[in-house]
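First up is the structure itself, then whatever we jot down about it.
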Amino acid sequence: MNWDKRPFAVTIDLEAGVVTPAEARVTRLSDLEGLFVDEEAYRQEREKGDLRVYTVYSIPVPEERGQLLSCTTILYPGKVGKEYYMTRGHFHLDTQAAEVYTCLSGEGYLLLVEDGSGEAESIKVVKGTSVYVPARWAHRMVNCGKIPLVFYAVWPAEAGHDYERLREKGFPLRVFEEGERPSVVRLG
Ligand code: PAN
Ligand code: ZN
Numbered sequence: 005m006n007w008d009k010r011p012f013a014v015t016i017d018l019e020a021g022v023v024t025p026a027e028a029r030v031t032r033l034s035d036l037e038g039l040f041v042d043e044e045a046y047r048q049e050r051e052k053g054d055l056r057v058y059t060v061y062s063i064p065v066p067e068e069r070g071q072l073l074s075c076t077t078i079l080y081p082g083k084v085g086k087e088y089y090m091t092r093g094h095f096h097l098d099t100q101a102a103e104v105y106t107c108l109s110g111e112g113y114l115l116l117v118e119d120g121s122g123e124a125e126s127i128k129v130v131k132g133t134s135v136y137v138p139a140r141w142a143h144r145m146v147n148c149g150k151i152p153l154v155f156y157a158v159w160p161a162e163a164g165h166d167y168e169r170l171r172e173k174g175f176p177l178r179v180f181e182e183g184e185r186p187s188v189v190r191l192g
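Going by the numbering used here, the sequence shown opens with residue 5, and the numbers climb by one from there.
Structure below.
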């Protein structure tokens, strides 16, 4: 990255979520093995092809104290069985690092779980909803709509992502389609 500590600007397409200039990273079904509850439905989806689940456009800055990372995420509409497409979700490695998620387009739920107590929350998001994610709360976005769910996130650059810890603990909340409507379900 060409970084000269000068102010800079990017352009965000608010509907599509595309950031220019930025680096895009695509996460596909094959990257999310073990994430969805219905393993048989996952296997069947994989046989159809390796569909995109989400694309992240990152705006890079040095991962140093005081810097802010930001990105858009385009979470495509889709389901594995009855479970809606979602991001992998993570804790931050830095237990003091919070984050803000702002929905630019689409609709869904942000699922959160607190590391110590295991307390869980679901927050409905639509265009314009901005959620403050406190430190120590794992976070995962779910698209319950028929169009891409686009959101913009900002967080401390040295936060780091701990996917493994969330995978081990499991996420207590899931969102399934029930009678053509989303239903937030607590597992276990
Ligand atoms: C977001 C997420 C992004 C993709 O930028 O990293 O939406 O989700 P996963 O990282 O869970 O795959 C963020 O929360 N950054 O901290
Ligand atoms: Zn995060």
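Quick reminder that beta carbons are idealized off the backbone N, C-alpha and C, glycines included.
* **Cα-Cα separation, L33 to I78** => Locating residue 33 in the sequence shown gives position 29, counting from the first residue. Locating residue 78 in the sequence shown gives position 74, counting from the first residue. Cα to Cα, the separation comes out at about 15 Å.
* To do: Would you kindly work out how many angstroms separate the C-alpha atoms of V179 and E87, rounded to a whole number?
  => Numbered from 1 along the sequence shown, position 175 holds the residue referred to as residue 179. Numbered from 1 along the sequence shown, position 83 holds the residue referred to as residue 87. Their Cα atoms are separated by approximately 6 Å.
* To do: May I ask you to report which of helix, strand or coil DSSP gives D166?
  => What you label residue 166 is simply residue 162 of the sequence shown in a count that begins at 1. Looking at D166 - three-state DSSP - the assignment turns out to be strand.
* To do: Would you kindly check if the distance between the Cβ of L116 and the Cβ of V193 is under 8 Å?
  => Residue 193 is absent from the model: the chain starts at 5 and stops at 192.
* To do: Look at the alpha carbon of E118 and the alpha carbon of D42, and state the distance between them as a whole number of angstroms.
  => For this step, residue 118 is matched to residue 114 along the sequence shown. For this step, residue 42 is matched to residue 38 along the sequence shown. If I take the Cα positions, the gap works out to 25 Å.
* Can the beta-carbon of E111 be found closer than 8 Å to that of L153? -> Within the sequence shown, residue 111 is the residue found at index 107, counting from 1. Within the sequence shown, residue 153 is the residue found at index 149, counting from 1. Yes; because the gap between Cβ atoms is below 8 Å, this pair is in contact.
* Asked: Taking the continuous alpha helix (DSSP H) assigned at Y46, which residues delimit it?
  -> Sequence index remark: in the sequence shown, residue 46 carries index 42 (1-based). Note, Y46: alpha helix (DSSP H), E43 to K52.
* Rounded to whole angstroms, what's the CA-CA distance from Y113 to R185? Just pull it up for me. => Locating residue 113 in the sequence shown gives position 109, where the first residue counts as 1. Locating residue 185 in the sequence shown gives position 181, where the first residue counts as 1. The straight-line gap from Cα to Cα measures roughly 13 Å.
* For S34, name the three-state secondary structure that DSSP assigns. => One-based indexing of the sequence shown puts residue 34 at position 30. DSSP places S34 in helix when its eight states are reduced to three.
* Asked: Where L36 and D8 are concerned, what is the direct C-alpha to C-alpha distance, given to the nearest angstrom?
  -> Counted from its first residue, the sequence shown places residue 36 at position 32. Counted from its first residue, the sequence shown places residue 8 at position 4. When rounded, the distance between both Cα atoms is 37 Å.
* Asked: With a Cβ-Cβ cutoff of 8 Å, do K142 and L170 count as a contact?
  -> Numbered from its first residue, the sequence shown carries residue 142 at position 138. Numbered from its first residue, the sequence shown carries residue 170 at position 166. Going by the sequence as given, residue 142 is Ala instead of Lys. The answer is yes: Cβ separation under 8 Å.
* Excluding the five sequence neighbours on either side, which residues of its own chain have a C-beta within less than 6 Å of the C-beta of M90, listed in chain order? -> Translated into positions along the sequence shown, residue 90 becomes position 86. For M90, where only same-chain residues beyond five positions count, the Cβ hits under 6 Å are R144 and V146.
* Please list, in chain order, all residues of the same chain as S187 whose beta carbon is under 6 Å from its beta carbon, the five residues on each side excluded. => Along the sequence shown, one-based indexing puts residue 187 at 183. F180, listed in sequence order.
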